[in-house]
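Here the structure is laid out as structure tokens; the discussion comes afterwards.
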Amino acid sequence: MIYLDYAASAPISPEALAAATPFLTDSFGNPSSVHSLGRRAALAIAAAREQCAAAIGAEPSEIYFTSGGTEGDNWAIFSALKAGGRRIVTTAIEHAAVLNACRAAEQSGVQVVYLRPNADGLISPKQVEQSLTDDTALVSVMAANNEIGTLQPIHEIGEICRARGVLFHTDAVQAAGCVELDMGALKADMLTISAHKIGGFKGSGLLYIRKGTPISPLINGGGQERGMRSGTENAAAIVALGAAIERICADIPDRCRRISALRDKLICGLSEIPRSRLNGSRTSRLCGNVNFSFEGVQGESLVLNLDIAGVCASSASACAGGSGEPSHVLTALGLEERWLQAPLRLTLSDSTTEDEIRQTVSVVRESVERLRRAVGFK
Ligand code: PLP
Numbered sequence: 001m002i003y004l005d006y007a008a009s010a011p012i013s014p015e016a017l018a019a020a021t022p023f024l025t026d027s028f029g030n031p032s033s034v035h036s037l038g039r040r041a042a043l044a045i046a047a048a049r050e051q052c053a054a055a056i057g058a059e060p061s062e063i064y065f066t067s068g069g070t071e072g073d074n075w076a077i078f079s080a081l082k083a084g085g086r087r088i089v090t091t092a093i094e095h096a097a098v099l100n101a102c103r104a105a106e107q108s109g110v111q112v113v114y115l116r117p118n119a120d121g122l123i124s125p126k127q128v129e130q131s132l133t134d135d136t137a138l139v140s141v142m143a144a145n146n147e148i149g150t151l152q153p154i155h156e157i158g159e160i161c162r163a164r165g166v167l168f169h170t171d172a173v174q175a176a177g178c179v180e181l182d183m184g185a186l187k188a189d190m191l192t193i194s195a196h197k198i199g200g201f202k203g204s205g206l207l208y209i210r211k212g213t214p215i216s217p218l219i220n221g222g223g224q225e226r227g228m229r230s231g232t233e234n235a236a237a238i239v240a241l242g243a244a245i246e247r248i249c250a251d252i253p254d255r256c257r258r259i260s261a262l263r264d265k266l267i268c269g270l271s272e273i274p275r276s277r278l279n280g281s282r283t284s285r286l287c288g289n290v291n292f293s294f295e296g297v298q299g300e301s302l303v304l305n306l307d308i309a310g311v312c313a314s315s316a317s318a319c320a321g322g323s324g325e326p327s328h329v330l331t332a333l334g335l336e337e338r339w340l341q342a343p344l345r346l347t348l349s350d351s352t353t354e355d356e357i358r359q360t361v362s363v364v365r366e367s368v369e370r371l372r373r374a375v376g377f378k
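Residue numbers (the working numbering): 1 to 378.
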């Protein structure tokens, strides 16, 4: 089997599994308990907080463990609204975790501005600047898009927000491990990371909240996570996240160089299929993301054909898959109708091989030809 769906989920890294195993077995104590088993778990959580902070150039006190990307995005948005302001600026191509949180906010009278990207999927800092008003509570722009891999200019956007005194949140779920995140340089007040995209557990993640940012508790209860997110901590998942993020952030430039060389071979091979189109920016792109539309081919059918041939891929994002709606991301790019029939997303990791790329190109080519013949597409 060839797995090319790492943007949907990645396997648990050996380091993360080894670090987590004691907390799934013998060291099962509640981190709030005062006995030695409890203290062991609490100490391990503190160490994981330090690993996470070090990986993104933050202070340990700025790391809040969550149940993943969706929770982090929701928390950032609703917390910013509670701090004041009735307006959010975001983009039309955010993940559903941001878009649907914004839509829920709209139900209670909040105004949301959805910035449209250019045809490559890029938002310009100027667009953000022009959209700011005095009652803007938050700007939320993703660091990297989960469908087309476009990298947004979050450093420039952060500078603009800081200068205007507006809170800035970025969803870095897809960027983490592919792009260096240094909270010393990046002027984001909040940043979301999900563990299962970087070698940790599903149902686990973190929200970075810069010191001094007004926040309100997400879940009330026993006071865990400094009273902001109550509930007994999932020590195993947190410890796994610490190990996973440490590993993946250790050699980002080298790893990304290797992955992007394979990505470019894949793009090159798929571009030779007649009437195909690479979606997203050619240059400002995640090292492991490939997203293609093939005229006359339904992405969902293509994904099923690839699965039969032993290649795991996605059409649009895993979360939107199966909805039958055209991808909101491709729609926002303003593409012609013929390119909108659900694209094919292939996402690579450092375990992807040249041979897998070669095989995938030929399997996609055969599947596209077969599907086109089946619908009489000339
Ligand atoms: N944000 C982005 C950009 C994502 O790609 C995802 C997951 O695909 C999420 C948020 C949601 O993360 P989680 O699955 O941890 O809730």
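Even glycine gets a Cβ: it sits at the ideal position worked out from N, Cα and C.
Annotation for residue 176: no alpha helix (DSSP H) segment contains it, and DSSP assigns it neither H nor E. Taking non-hydrogen atoms of the ligand PLP into account, the C-beta of residue 298 is found less than 7 Å away from none of them. Burial of residue 140 is indicated by the presence of at least 16 other C-beta atoms within 10 angstroms of its C-beta.
Here the C-alpha atom of residue 290 lies approximately 14 Å from the C-alpha atom of residue 121. Taking a cut-off of 8 Å for Cβ pairs, the region 179-192 and the region 48-61 touch, as three or more such pairs fall below it. From the listed residues 267, 1, 103 and 95, the smallest Cα separation to residue 147 is found for 95. Annotation for residue 137: the continuous beta strand (DSSP E) segment containing it runs 136-140.
One thing to note: residue 206 has its Cβ within 8 Å of the Cβ of residue 63. Going by DSSP, residue 89 is part of the beta strand (DSSP E) stretching over 87-91. Around residue 377, the same chain offers 296 as residues with beta carbons nearer than 6 Å, after the five sequence neighbours per side are excluded. With fewer than 16 neighbouring CB atoms inside 10 Å of its own CB, residue 43 falls in the exposed class.
Contact between the region 239-247 and the region 17-28 is established, with three or more Cβ pairs separated by less than 8 Å. Residue 12 counts as buried, since at least 16 other C-beta atoms from the protein chains shown sit within 10 angstroms of its C-beta. With respect to residue 150, residue 281 sits close: the two C-beta atoms are nearer than 8 Å.
Looking from the CA of residue 340, the closest CA among 180, 315 and 92 belongs to 315. Under a 10 Å Cβ-count criterion, residue 51 is classified as buried, with 16 or more other Cβ atoms of the shown protein chains found around its own Cβ. If you look at residue 290, you'll find it in the beta strand (DSSP E) that goes 289-294.
Under the rule that a run must span 4 or more residues, the alpha helix (DSSP H) segments found entirely inside the region 176-256 read 235-250.
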